[in-house]
Each structure stands twice: as structure tokens, then as C-alpha cells.
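So the sequence shown is numbered by my numbering: it starts at 3 and just counts up by one.
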Amino acid sequence: MNWLKRFMAGRYGADQLSLALLILSIVLTLIAQIARVPLLAAISYIPLALCIFRMLSRNVNRRSMENYKFSMLISPLYARFNKLRRRFSESKTKRFLKCPQCKAELRLPKGKGTIIVTCPKCRNEFRAKT
Ligand SMILES: [Zn+2]
């Protein structure tokens, strides 16, 4: 493995963007296989080639800047995904609803019947079934 270490010295290596490109390539390949679209199979090599290019690149500053921009681009998606995951894991004990006035998201305990909720954001009071 020493030759690999020497080969990768000064090169950028793997990051989130490279991983995303690799996954994109695999997904495109699978879709091409299932849908039997040879053009898509050819296109699926583009993200793979980009991934390899980025990993072997010696322009570390530029690659890390690309990765930073990519992270900024996907962070809202990632936050939304985490919110959905949290909602799902708490769906048995909590009820999620929006304040009718300010649209803030509220998390209430389940199984308490109809209660009067005070929105912590705008102090609006409303009835809600939990
Ligand atoms: Zn409110």
C-alpha cells in the first residue's frame, strides 16, 4: 500500500462531493440497466470521471472550494431530510402542527385530548386536538 500512499500524496482525495458523484454514477448506471437506455449508461460515466478527476487532483484549494459550495447547496435539503426523519421517529409520541397565525411549527405531546395551545413564538392561543 506504500505505492498508493506515495501516489496520493499532495492529491485531494475523497470528499462529500466525490461521494455524491459516485452515487449519482451508480444510480444512473442502475437506471440505464433497468430501463435499458444505452445512452444513459454512457452518461453515467461522466460523474464517475469527475469523481476520479477530483480525487486525483492536485489543486486542493479549488477542490475544497467546490466541496464547500456543494455543501452549501445541499445543506437545506439535508436539514429538511433530518426534520422529516425526526418527525418520523417521534410520530408515535408527538403531534406536529403549525400555528394558524405565524405558521411556526409546534410539537405537542400526543393523547392529551383537545387542549389550548399557546404558540411560543407569537403568543397566539388556539385549540388543537392531540
Ligand atoms: Zn404563532
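Don't be surprised by glycine CBs; every beta carbon is placed ideally from N, CA and C.
- Of 6, 64, 7 and 18, the smallest CA-CA separation from residue 73 is found for 18.
- Secondary structure note for residue 111: its beta strand (DSSP E) is the uninterrupted segment 107-111.
- Straight-line measurement puts the Cα of residue 95 at about 36 Å from the Cα of residue 21.
- With a threshold of 16 other beta carbon atoms within 10 Å, residue 104 falls short and is exposed.
- Counting every other CB atom within 10 Å of its CB across the protein chains shown gives residue 14 a total of 16 or more, marking it as buried.
- For residue 104, the Cβ falls inside the 8 Å cut-off from some heavy atom of ligand 1.
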